[in-house]
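The structure appears below as structure tokens.
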Amino acid sequence: MFSFSIILFGVTFLLITASYALMLFNHMRKVKIIKASSKGSERIVEKYKQAPGPVPWPVIGNLALLARFEGPFEAFTELSKELGDIYSLTIGSIRCLVVSNLDLIKEVLNQNGKFFGGRPDFLRYHKLFGGDRNNSLALCNWSALQQKRRNLARSHCSPRGSSSHFKRMSDIGCLEITELLLKLKNETSKGQELDIKPLLQRTCANMFTHYMCSVRFDYEDRDFQKTVEYFDEIFWEINQGRVYDFFPALAPFFRKNITTIVKWSAFIRNFILKRIMHDRNRNIDMEEDEKDFTDVILKSLSEGENVTNDTILYMLEDFIGGHSAVGNLVLIALGHVAKNPLIGERIREEADKISTTANRKVNLYDMDKMPYTMATIAEVLRYSSSPIVPHVATEDAIISGYGVTKGTVVFINNFKLNTSSQLWTNPDIFDPERFLEQTSETKSQKLLSKTNSNPKANPDMETAEDNLDKKNLDRNIRLKTNIPHFIPFSIGKRTCIGQNLLRGFAFILLANILQQYRVCAKDVAKIKTKPACVALPVKTYSLAFTAHTTRENNIHS
Numbered sequence: 001m002f003s004f005s006i007i008l009f010g011v012t013f014l015l016i017t018a019s020y021a022l023m024l025f026n027h028m029r030k031v032k033i034i035k036a037s038s039k040g041s042e043r044i045v046e047k048y049k050q051a052p053g054p055v056p057w058p059v060i061g062n063l064a065l066l067a068r069f070e071g072p073f074e075a076f077t078e079l080s081k082e083l084g085d086i087y088s089l090t091i092g093s094i095r096c097l098v099v100s101n102l103d104l105i106k107e108v109l110n111q112n113g114k115f116f117g118g119r120p121d122f123l124r125y126h127k128l129f130g131g132d133r134n135n136s137l138a139l140c141n142w143s144a145l146q147q148k149r150r151n152l153a154r155s156h157c158s159p160r161g162s163s164s165h166f167k168r169m170s171d172i173g174c175l176e177i178t179e180l181l182l183k184l185k186n187e188t189s190k191g192q193e194l195d196i197k198p199l200l201q202r203t204c205a206n207m208f209t210h211y212m213c214s215v216r217f218d219y220e221d222r223d224f225q226k227t228v229e230y231f232d233e234i235f236w237e238i239n240q241g242r243v244y245d246f247f248p249a250l251a252p253f254f255r256k257n258i259t260t261i262v263k264w265s266a267f268i269r270n271f272i273l274k275r276i277m278h279d280r281n282r283n284i285d286m287e288e289d290e291k292d293f294t295d296v297i298l299k300s301l302s303e304g305e306n307v308t309n310d311t312i313l314y315m316l317e318d319f320i321g322g323h324s325a326v327g328n329l330v331l332i333a334l335g336h337v338a339k340n341p342l343i344g345e346r347i348r349e350e351a352d353k354i355s356t357t358a359n360r361k362v363n364l365y366d367m368d369k370m371p372y373t374m375a376t377i378a379e380v381l382r383y384s385s386s387p388i389v390p391h392v393a394t395e396d397a398i399i400s401g402y403g404v405t406k407g408t409v410v411f412i413n414n415f416k417l418n419t420s421s422q423l424w425t426n427p428d429i430f431d432p433e434r435f436l437e438q439t440s441e442t443k444s445q446k447l448l449s450k451t452n453s454n455p456k457a458n459p460d461m462e463t464a465e466d467n468l469d470k471k472n473l474d475r476n477i478r479l480k481t482n483i484p485h486f487i488p489f490s491i492g493k494r495t496c497i498g499q500n501l502l503r504g505f506a507f508i509l510l511a512n513i514l515q516q517y518r519v520c521a522k523d524v525a526k527i528k529t530k531p532a533c534v535a536l537p538v539k540t541y542s543l544a545f546t547a548h549t550t551r552e553n554n555i556h557s
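Here's what the structure looks like:
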């Protein structure tokens with residue numbers, strides 16, 4: 001027995017020593033890059049140092065550095081103050097690169113996007129999508145199939161304002177918000193808090209299934225309720241880091257977690273298969289015009305365009321699952337309104353100007369007329385700073401003069417962009433007005449007034465007098481566009497294809513809810529969100545909804 005223990009210890013020691021030696025080698029080695037010579041016919045091999053980073057410890061790598069912080073992106077941001085805007089880490093045995101400024105992010109995702117089209121090969125990602133993460137649009141490696149799937153989805157997920165898809169999306173959004181407001185009217189009582197999340201998520205789910213699949217479900221349908229709940233569970237899960245992502249040998253200790261996420265995803269796919277795809281597969285008419293996204297992908301299957309039934313099932317799961325992001329974003333926005341009621345009043349005033357006389361719901365065509373509401377959605381995205389899915393180098397590459405080895409996981413640290421005091425004024429404060437600007441006409445009037453009143457004044461410096469009064473502000477503002485350091489949906493070829501669905505449906509929900517209701521909370525201290533995360537737990541804070549007295553009879557309109 002004693003000798004066996006010695007042998008076991010010796011073997012374990014040798015394995016740890018060997019793995020650590022390999023870890024150090026990967027940490028220190030230079031990256032060979034093959035380049036074409038100036039003559040074109042010859043190839044030159046050049047060696048590049050990897051980005052600097054702390055020396056990893058045996059087995060855990062640099063994990064101890066991250067453990068000191070609440071979340072990984074807070075850790076990445078703090079470490080960048082010491083290590084710079086590009087640095088290397090080793091987590092477990094996996095090499096990682098963290099990039100934390102806009103130029104570097106553009107270099108990775110735009111200039112060198114073809115080298116960084118991969119995704120991390122995490123066990124969870126496979127388990128969520130039937131054993132193969134490449135079934136997912138967001139978690140797969142870039143491929144011809146991925147390009148095909150994006151092409152199929154583009155016209156429905158990013159409809160132009162003049163298109164029939166945009167009108168249909170707007171009409172469906174208004175129909176579903178009407179249903180939600182009726183439910184709220186029945187379930188709210190003055191001053192009483194309500195667990196609004198399940199109701200909100202069912203509305204969002206019906207928006208997506210109605211728009212994508214031309215089918216909606218009764219709010220009391222038990223299978224529908226469970227499907228929506230499981231989608232929300234998965235959205236929370238996918239936004240959490242799990243230790244076995246980087247230490248797969250520990251997966252057996254997380255068997256319960258793995259079994260649970262497999263159960264969730266299997267139930268969802270079974271629901272989609274039976275309640276959506278079954279009838280549509282039988283009734284597809286190849287001669288009729290496509291009425292929705294489901295028609296598009298079913299016809300591509302019939303036309304033999306390298307699309308299978310499984311492809312369609314996983315695409316529908318992926319896109320319908322986008323409703324969870326909308327519901328979480330809107331609930332976070334309502335939480336901020338409860339903390340600062342003036343935000344809700346501003347949105348209500350914008351909505352009243354649009355729809356009071358027309359006696360209709362706020363719709364997608366009103367977005368440009370309601371810049372403060374759109375600015376609130378943008379501020380939720382900035383303040384929450386949802387992380388961009390990590391990229392993976394698919395071959396050896398160069399970033400900012402440093403070599404990046406194939407298989408390196410690249411973290412895009414947009415959290416630093418969203419919280420930098422050099423890029424935003426008072427970034428720790430939730431303030432939608434940072435996304436507003438005066439129209440050109442107003443700017444010219446102010447500049448002329450300032451110059452006339454003080455010829456020596458610097459026209460680029462703001463003063464207290466620059467703040468417009470509320471009446472003028474509402475009339476002369478617009479949403480800022482093209483803020484280069486604001487990239488909530490990433491950039492490059494893997495930018496989020498569903499971003500217009502998220503913004504559009506979130507706008508309809510937020511504008512119409514706040515036009516009808518005052519939102520508050522008995523204890524705003526309970527309204528908590530996680531840094532660098534746009535997801536809320538399935539069981540989260542409750543809110544009180546009190547109908548505006550002048551609108552109690554218009555909720556059904």
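The sequence shown lines up with residues 1 to 557 when you count with the UniProt record's numbering. Backbone N, C-alpha and C define an ideal beta-carbon position, used for all residues, glycine too. As the structure is a prediction and not an experimental result, all values here were calculated from the model.
query                                                                                                                        : result
Endpoints, the beta strand (DSSP E) within which Tyr211 is located                                                           : Looking at the DSSP string, Tyr211 is not in any beta strand (DSSP E); the run it does join, the alpha helix (DSSP H), is Lys197 to Cys213.
Residue burial classification, Lys274 (beta-carbon count within 10 angstroms, cutoff 16)                                     : exposed
According to DSSP, residues forming a beta bridge with Val57                                                                 : The question names Val, yet the displayed sequence has Trp at residue 57. Beta-bridge pairing links Trp57 to Gly61.
Which of helix, strand or coil DSSP assigns to Thr463                                                                        : For Thr463, the predicted structure reports a pLDDT of 35, less than 50, and the residue's modelled location is therefore unreliable. The matter cannot be settled from this model.
Contact set for Ile86: own chain, Cβ-Cβ below 6 Å, skip 5 residues either direction                                          : Ala51, Val99, Leu104 and Ser400
Boundaries (first-last residue) of the beta strand (DSSP E) holding Tyr87                                                    : Ile86 to Ile91
Beta-carbon gap between Leu514 and Arg348 smaller than 8 Å                                                                   : yes
Inter-residue CB distance, His548 and Gln516 (contact presumed, cutoff 8 Å)                                                  : 6 Å
Residue interval of the alpha helix (DSSP H) (run including Gln146)                                                          : Ala144 to Cys157
Boundaries (first-last residue) of the alpha helix (DSSP H) holding Leu417                                                   : Asn414 to Thr419
Cys496 - containing alpha helix (DSSP H), residue span                                                                       : Segment: none, Cys496 is in no alpha helix (DSSP H) and carries neither H nor E.
C-beta atoms of Lys480 and Leu423 nearer than 8 Å                                                                            : no
Assigned secondary structure, Lys470 (DSSP; H/G/I helix, E/B strand, else coil)                                              : Residue confidence for Lys470 is low, a pLDDT of 46 falling below 50, so the modelled location carries little weight and cannot support an answer.
Beta-carbon contacts of Ser453 that lie in its chain and below 6 Å, excluding the five residues immediately before and after : Any answer about Ser453 is weak, because its pLDDT of 48 lies below 50 and its placement is not dependable; what the coordinates show is given next. Taken in chain order, the list of residues that qualify is empty.
Span separating the alpha-carbon of Asn110 from that of Lys185                                                               : 48 Å
Buried/exposed call for Asp428, threshold 16 Cβ in 10 Å                                                                      : exposed
Assumed close pair Gly403, Lys49 - CB separation to whole angstroms, cut-off 8 Å                                             : 6 Å
Residues bridged to Arg518 [DSSP beta-bridge criterion]                                                                      : Thr546
Phe430 in three-state terms, based on DSSP                                                                                   : coil
Residue from Pro120, Ile238, Phe25 and Asp366 with nearest C-alpha to Cys140                                                 : Pro120
Backbone CA spacing between Val337 and Glu433 [nearest angstrom]                                                             : 14 Å
Which of helix, strand or coil DSSP assigns to Gln240                                                                        : coil
Nonlocal neighbours in the same chain, by C-beta distance under 6 Å from Phe231, ignoring five residues either side          : Gly321 and Ser324
Per DSSP, the bridge partner or partners of Gln438                                                                           : Ile477
Three-state secondary structure assigned by DSSP to Leu66                                                                    : helix
Residues of its chain near Lys493, where Cβ-Cβ distance is below 6 Å and the 5 sequence neighbours each way are ignored      : Gly113
Simplified DSSP state of Val410, which is helix, strand or coil                                                              : strand
Residue environment, Ser136, which counts as buried when at least 16 other CB atoms sit within 10 Å                          : buried
Val380 - containing alpha helix (DSSP H), residue span                                                                       : Pro371 to Ser384
Backbone CA spacing between Thr308 and Val392 [nearest angstrom]                                                             : 27 Å
Range of the contiguous beta strand (DSSP E) that encloses Glu46                                                             : Arg43 to Tyr48
Rounded C-alpha distance that separates Asp431 from Ile343                                                                   : 9 Å
Check whether Phe267 and Lys226 have beta carbons under 8 Å apart                                                            : yes
Unbroken stretches of the alpha helix (DSSP H), 4 residues or longer, contained in the region 332 to 360                     : 341 to 355
Separation of Ser384 from Leu182, as counted between CA atoms                                                                : 30 Å
Reduced DSSP category for Tyr402 - H, G, I as helix; E, B as strand; rest coil                                               : strand
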